Structures are given as C-alpha cells and as structure tokens.
Amino acid sequence: MNDEANGIRVRAATAADKAAWRRLWNGYLKALGAEVPEDVTEHCWSRLLDPSSGLFARLAERDGEVVGFAVCVLHPGTWKLQPICYLEDLGVDEAVRGQGVGRALIEDLLALARSRGWSRLYWHTNSANHQARRLYDKFAPADDVVRYQIELDRNSQL
1 MNDEANGIRV RAATAADKAA WRRLWNGYLK ALGAEVPEDV TEHCWSRLLD
51 PSSGLFARLA ERDGEVVGFA VCVLHPGTWK LQPICYLEDL GVDEAVRGQG
101 VGRALIEDLL ALARSRGWSR LYWHTNSANH QARRLYDKFA PADDVVRYQI
151 ELDRNSQL
C-alpha cells in the first residue's frame, strides 16, 4: 500500500527490518509504560517472520526509513468461515505522529483484508488514548464491548 500524498509506503516486515522494528517497538512500549521481557520480544520477532505463525507485521516507510508498524494476529473465529485479523499493536515514531502513518497502516490492513477474504479487522485501545481514538473514529465508531482480562502466570490462583 502506498500513500503517495504523504510519501508513505506500507509493506511486509523482513529479517533486515529487525533493528528498525526494535527501535519502534521499544518506543511504543515506553509510551505505554509497558515492559516486555527480552526473550518474549525476540520470540515475537521470530514469529512475525514465520509464515506458519498467525502473527505478521506490516511496516510503514517514509523516505526509506521505517516510521511505523502494525503487529497483527490472523485467527479463525466461531461466527465466520473466513479468518479474522486482530491488530494487536500499532506503533508510530513519535517524530511523525499525526502525519498519516497510522492511517496508512490501517488502510493497508483493510486492503489486505479485502483482497485475502478476511471477515473482520478489529483492535482495542485505552479509552484515554485520545490521539489514537481521533484516528480510529474515522474508520469505525467504538462499540460498547467491555473487555475482561486475567493475566495468568505460575503464581496465579485462577
């Protein structure tokens, strides 16, 4: 996908993109105030490049520099025959936020969904993430789904 007006090109991630993706990934995690262990990040990157994995990444470039990413999970569903795409992580370099990179990444995913016969594209965001929500509201209205999440680890009582 190309957004010629903004000079943005969106494409699949390749092994050569690791350093650029890691730079953006680290900035994304910092902005969220989140920490992901190094081994998990490494495993994520390897799965993003594995065509048999349900994970994939799309990268946005401007002037040959990677300035944004979308990390997605393609999965089956119970109500549809066609696959469903979950946009799990969308990160844009802080220096170019508000310049169409996030929009180009979502438009690219919509084009992929239509061309590959996926049934749905969906994502979540924090209700207080007003900057992102201004973009997301241009694509679809937020619904009233309430998410419940239980983090499970070795010390969990559930």
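Numbering (the working numbering), first residue to last: 1 to 158.
A virtual CB, placed ideally from N, CA and C, is assigned to each residue, including glycine.
Predicted, not measured: the structure shown is a model, and the values here were computed from it.
Between the Cα of V92 and the Cα atoms of T78, E42, A20, which residue gives the shortest distance? Of T78, E42, A20, the residue nearest in Cα terms is A20.
Which word fits A60, buried or exposed, when buried means at least 16 other C-beta atoms lie within 10 angstroms of its C-beta? The residue in question, A60, is buried, as its Cβ has 16 or more Cβ neighbours within 10 Å.
Cutting at 8 Å between CB atoms, please list the residues of its own chain near Y122, excluding the five before and the five after it. Cβ neighbours of Y122 beyond the five flanking positions: I84, C85, Y86, L87.
Just list the beta strand (DSSP E) runs in the region 5–72, keeping only unbroken ones of 3 residues or longer that don't cross its boundaries, in chain order. Under the rule that a run must span 3 or more residues, the beta strand (DSSP E) segments found entirely inside the region 5–72 read 8–12, 55–62.
Could you check where the alpha helix (DSSP H) with G102 kicks off and where it finishes? Membership of G102 in the alpha helix (DSSP H) is indicated by the continuous run 101–116.
How many Å lie between G77 and R120 at the Cα? So the alpha carbons of these two residues sit roughly 10 Å apart.
Euclidean distance between Cα positions of A111 and V36: If you take the alpha carbons of A111 and V36, they lie about 30 Å apart.
Compare the beta carbon distance of G54 and V73 with 8 Å and say whether it is the shorter of the two. Result yes, Cβ atoms of G54 and V73 sit closer than 8 Å.
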